[in-house]
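Top line first, the protein sequences correspond to chains A and B. Residue 1 is where the first sequence starts when you use the numbering used here, and the numbers rise one by one after that. Residue 1 is where the second sequence starts when you use the numbering used here, and the numbers rise one by one after that. We treat Cβ as the ideally placed atom computed from N, Cα and C, and that holds for glycine. Inspection log for the structure reproduced underneath, given as structure tokens.
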Amino acid sequence: MAGLVTYGAYIPLHRLRRDDIARAWGSAPPGGERAVANSDEDPITMAQAAAIDCLGDIDRDSIDGVYLATTSSPYKEKQAATVVARSLNLRRDVATMDFTDTLRSGTLALRAALDAVGAGSAQRVLVLAADCRLGAPRSEFEQILGDGAAALLVGGDDVAATVEASHTHSNELIDLWRSSRDNFVNSWEDRFVITEGFLLNMQEGVSQLLKKSELKVQDVTKAALYAPDARRHREIAASLGLDPKTQVQDPMFDRVGNTGAAFALMLLVAALEEAKDGDRILVANYGDGADSFILRATPQIEKIKDRQGIRKNLASKRYLASYETYITHRGLMDTEGQRRPPMVSSAPVLWRDQKWVLGLNGSHCQSCGRTFFPPQRICVHCRSKDNFDYVPLAGRKGTLFTFNKDALALSADPPEIWCRVHLEGDVGVYCRMTDRDPDRVELEMPVEMTFRKFHDAGGYPNYFWKCRPTRESFIEAGEGI
Amino acid sequence: MNPSAIRDKVAIIGMGCTKFGENWDMSAEDMMIEAAYEAYEDAGVGPEDIEAAWVGTVASGITGNLLAAPLKFRFMPITRIENACGTGQDTLRNATLGVACGLYDMVLVMGVEKLKDSGLSGLPEFFTHPVYGQGATAPGRWALGATRYFSSVGLSPEEGKRCLAKIAMKNHHNGTMSPKAHFQREITMEQALNAPVIAWPLGLFDCCPTTDGAAAAIITSTETAKKLRPAKDYVLVRGFGVAMGSGWGKENFDYKYDYLPETIAAGKQAYEQAGITDPRRELSMAQIHDCFTIAEMMEYEALGFSPAGKASEDIDAGTFELTGELPVNTDGGLKSFGHPVGATGIRMCYEIYKQIQGKAQLPARQLKDPKMGLAMAQGGHPGFLQPVVAILGRSDLAK
Chain A
1 MAGLVTYGAY
11 IPLHRLRRDD
21 IARAWGSAPP
31 GGERAVANSD
41 EDPITMAQAA
51 AIDCLGDIDR
61 DSIDGVYLAT
71 TSSPYKEKQA
81 ATVVARSLNL
91 RRDVATMDFT
101 DTLRSGTLAL
111 RAALDAVGAG
121 SAQRVLVLAA
131 DCRLGAPRSE
141 FEQILGDGAA
151 ALLVGGDDVA
161 ATVEASHTHS
171 NELIDLWRSS
181 RDNFVNSWED
191 RFVITEGFLL
201 NMQEGVSQLL
211 KKSELKVQDV
221 TKAALYAPDA
231 RRHREIAASL
241 GLDPKTQVQD
251 PMFDRVGNTG
261 AAFALMLLVA
271 ALEEAKDGDR
281 ILVANYGDGA
291 DSFILRATPQ
301 IEKIKDRQGI
311 RKNLASKRYL
321 ASYETYITHR
331 GLMDTEGQRR
341 PPMVSSAPVL
351 WRDQKWVLGL
361 NGSHCQSCGR
371 TFFPPQRICV
381 HCRSKDNFDY
391 VPLAGRKGTL
401 FTFNKDALAL
411 SADPPEIWCR
421 VHLEGDVGVY
431 CRMTDRDPDR
441 VELEMPVEMT
451 FRKFHDAGGY
461 PNYFWKCRPT
471 RESFIEAGEG
481 I
Chain B
1 MNPSAIRDKV
11 AIIGMGCTKF
21 GENWDMSAED
31 MMIEAAYEAY
41 EDAGVGPEDI
51 EAAWVGTVAS
61 GITGNLLAAP
71 LKFRFMPITR
81 IENACGTGQD
91 TLRNATLGVA
101 CGLYDMVLVM
111 GVEKLKDSGL
121 SGLPEFFTHP
131 VYGQGATAPG
141 RWALGATRYF
151 SSVGLSPEEG
161 KRCLAKIAMK
171 NHHNGTMSPK
181 AHFQREITME
191 QALNAPVIAW
201 PLGLFDCCPT
211 TDGAAAAIIT
221 STETAKKLRP
231 AKDYVLVRGF
241 GVAMGSGWGK
251 ENFDYKYDYL
261 PETIAAGKQA
271 YEQAGITDPR
281 RELSMAQIHD
291 CFTIAEMMEY
301 EALGFSPAGK
311 ASEDIDAGTF
321 ELTGELPVNT
331 DGGLKSFGHP
341 VGATGIRMCY
351 EIYKQIQGKA
361 QLPARQLKDP
371 KMGLAMAQGG
381 HPGFLQPVVA
391 ILGRSDLAK
């Protein structure tokens, strides 16, 4: 029976204090903070990071499908899931699909994955949802949106949660939209959007689901509910008859924000982290209709360990210096950069080199046993020719061997920190560092590799790997895990 | 290989060098004309005497026409050379081989670079993989060496930066006595240490400027030189070293960033060709590649001037100052004289040539009785170097 094998999540390191947004526009300080993707992050890189968290040491060759849900893909035409699949070194015959355009795309992808596994066309499907939606400067969306990603591995065996029931319905109504030319989320007048759109459809979906499953709302251990903001979240929970103290999964509006297509699934991951054998989790999501699921945790749930999940991602953070930093990270203001040559790209080079550019594979010499990155056809050490295996380096622990802080380099966030990192197995990797506090970079510090966007030369996103200080190193004393 | 195959067979009989700097009013062609005509006049020859030429530039043009067009050479063999920052020395090396084998007897060697038309800070990008290494800068790449070198030799970053500041002060001081240098101003330790950071740990005064310039040499066989000029006025080419790194040092776990293996190899080749066994004692001076002060510091060790890990002690002792045991960058170096890439190596040879002739531009800079000098420039950065070494000597050194 199809269910969830395991889960993962990703919340960017950076948080923006909502009071900093208010200060920029002279409005009342609302308190709280929102998660903000770094300038080198987008839904593809965030989904990839959640996927790595989800997969842990699961055999990558066992994955039959990657379903990527987002409303903010960097592409209007061209698939995003293929980038993630190659960066994870999945099989070539993996089924890649993008689910787009609706806030329901995350739960629609989950539904499709459950159907594929249920029908036997796939054994294991990786469901990813990520969003980085933009609210116009000074809009309420700018305050309430947040960036993040969730990952669920759907499979038939050894599931940690079974799916007892599901319901979906579609509903045509113009409430939120971005036309093909829009950068920012648009909304019709709030009263209409909430009453005719959000509340009615969520209520309809959940009541149909409970009827199908012959359950009462009291049977729900935790409810992972989409809502546009904290106030509407309280309203929908109350209208469904849920006890806000015990039955409602904390929606994290004051720490992350509304993460769009990823939101309901991130709340599901948070609920799964706390779940015990036998717990029932209600998931309800809204967007051009509503999707809802009842999941039941199995004894396997308590065996899932070593995930960053929501909890650890929440605990490790770094504040953006200012609203201006946020607005430049999102490319919303033209700033003067260094007078350096513009970046250039080449589609054939990116295609030819994807084994290492996307997959971070090194060459492991079969003759002398040394590993090099990028891969070398002729071994640097023993000059053995074309006698190597590709070895993935992404999960290896690293230390910082040498570095600079380059203020001259073209950078969205100077100084650019270039490094040589030493990874486990005596592998030297020359790379940039991201998600760092320049004043806390020092020799021999522990680092890990992370998949990021480098630039948009050629008119498309160019992805590669950087190192970063370990996420754990940003857990502040007393933040509490 | 026969290391003494070319030793003392070729002589420099004339040289020219433009004012180095931001030569807004001069094109590459203008500067080549300036350098060539100074060299003609010095050598007492004219364009009609030149049989072949080599021209070196990294980014200011392609093909031998680059030189033929402004100087109006008619249907003569001319080859353009590029080997990054060592282009100047390598242009001289290729021309020297042409003369040493007897094919040509009067050859023009030109190095030129016009950088200030680009509008960029620093050098243009030469390495354009879509993501790997793209956007790295020259100071950033050398800073990777500085960070690790300091740690490896037991200097704190602050102590290391003081050593670098002393190199910058020395080269700025020497530059004050070089009218053709880009800069003629002293700097203080405080200025150097408090300057804006370019690529930590390197600050503004650890970096050479972006400069326009050209330099030229006229070379001939030693036999011909004897007929054309008095013995004190021509300088012999004693040997070269060129050592291309396989280029994977920065990816190679075994390379630890605290030494310059390519530079060591190039130095050894040049010393063997020139018959040098103790460079610190036998060289009267060295013009070496201070694109960044950390480069000069690490080169002291790579070229055998200082024992490995001990450069800081020699810096503190003043070994490489104008009055020291082995004066280095007597004309101000890249740091002060400037770094028009293709011209730099020829400019270094120009300084050695003038010093050996006793004609340093200002008498305050003239070394006493110099016999032999080393000119080393290298492109790249720790882990990926292209050093080229030339050694020049006084005519009475020839056996």
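In the structure shown, residue 323 of chain A falls within a helical segment according to DSSP collapsed to helix, strand and coil. Put simply, the CB of residue 170 of chain B is far from chain A, with every gap to its CB atoms at 7 angstroms or more. The DSSP assignment places complete beta strand (DSSP E) segments of no fewer than 3 residues inside the segment 150-209 of chain A at 161-170, in order along the chain. Taking C-beta atoms as the reference points, residue 39 of chain B and residue 64 of chain B fail to come closer than 7 angstroms. The beta carbon of residue 366 of chain A does not come within 7 angstroms of any beta carbon belonging to chain B, so the residue lies off that interface. Contact annotation, residue 281 of chain A with residue 290 of chain A: C-beta distance approximately 16 angstroms; criterion of less than 8 angstroms not satisfied. Annotation for residue 56 of chain B: 81, 87, 88, 91, 111, 342 place their beta carbon closer than 6 angstroms to its own, counting only its chain and skipping 5 residues before and after. Residue 302 of chain B does not reach chain A, its nearest Cβ partner there being about 18 angstroms away, counting only Cβ pairs nearer than 8 angstroms. Within a 10 Å sphere around the beta-carbon of residue 54 of chain B sit 16 or more other beta-carbons, which makes this residue buried. Residue environment analysis places residue 333 of chain A among the exposed positions, since fewer than 16 neighbouring C-beta atoms fall within 10 angstroms of its C-beta. Using beta-carbon distances, residue 199 of chain B counts as an interface residue toward chain A, with a partner under 7 angstroms.
Contact between residue 248 of chain A and residue 225 of chain A holds: their C-beta atoms lie close to 7 angstroms from each other, under 8 angstroms. Taking a beta-carbon distance threshold of 7 angstroms, residue 380 of chain A counts as an interface residue toward chain B.
At a cut-off of 7 angstroms between C-beta atoms, residue 289 of chain A does not count as an interface residue with respect to chain B.
A direct Cα-Cα distance of roughly 43 angstroms separates residue 427 of chain A from residue 20 of chain B.
Of the candidates B:293, B:173, B:11, the residue whose Cα lies closest to the Cα of residue 231 of chain B is B:11. Note: residue 148 of chain A is bridge-paired with A:131 in the DSSP secondary-structure output. Fully enclosed alpha helix (DSSP H) runs of no fewer than 4 residues are not present anywhere in the segment 390-466 of chain A.
For residue 103 of chain B, the three-state secondary structure derived from DSSP is coil. Using a CB distance below 8 angstroms, the part of the segment 422-452 of chain A facing chain B consists of 422, 426, 427, 428, 429, 430, 443, ordered along the chain. Listed along chain B, the residues sitting closer than 7 angstroms to residue 462 of chain A by beta-carbon distance are 130, 131. For residue 201 of chain B, same chain residues with a beta-carbon under 7 angstroms away, outside a window of 5 residues either side, are 143, 146, 147, 157, 160, 161 in chain order. Put simply, the backbone Cα of residue 118 of chain A is about 6 angstroms away from that of residue 2 of chain A. Contacts with chain A at 7 angstroms (Cβ-Cβ) include residue 125 of chain B. Taking C-beta separations shorter than 6 angstroms and ignoring five residues to either side along the sequence, the partners of residue 370 of chain A in its chain run 381, following chain order. Contact annotation: residue 363 of chain B and residue 284 of chain B have beta-carbon atoms that are not nearer than 7 angstroms. Annotated as proximal: residue 399 of chain A and residue 444 of chain A, with beta-carbon spacing under 7 angstroms.
Within the segment 11-98 of chain B, the complete alpha helix (DSSP H) segments at least 4 residues long are 28-43, 65-71, listed from N- to C-terminus. Interface flag for residue 260 of chain B against chain A is unset, since no Cβ pair is found closer than 7 angstroms.
Against chain B, the beta carbon of residue 357 of chain A has neighbours under 8 angstroms at 130, 131, 132, listed in chain order. From the listed residues A:56, A:470, A:458, A:460, the smallest Cα separation to residue 433 of chain A is found for A:470. Take the alpha-carbon of residue 135 of chain A and the one of residue 77 of chain A: they are about 22 angstroms apart. For residue 172 of chain B, the uninterrupted alpha helix (DSSP H) run begins and ends at 157-175, by DSSP. In this chain, residue 396 of chain B is not harboured by any beta strand (DSSP E), its DSSP state being neither H nor E. Sequence-ordered contacts of the segment 56-72 of chain B with chain A are nonexistent [C-beta pairs closer than 9 angstroms].
Here DSSP, grouped into helix, strand and coil, assigns residue 23 of chain A to helix.
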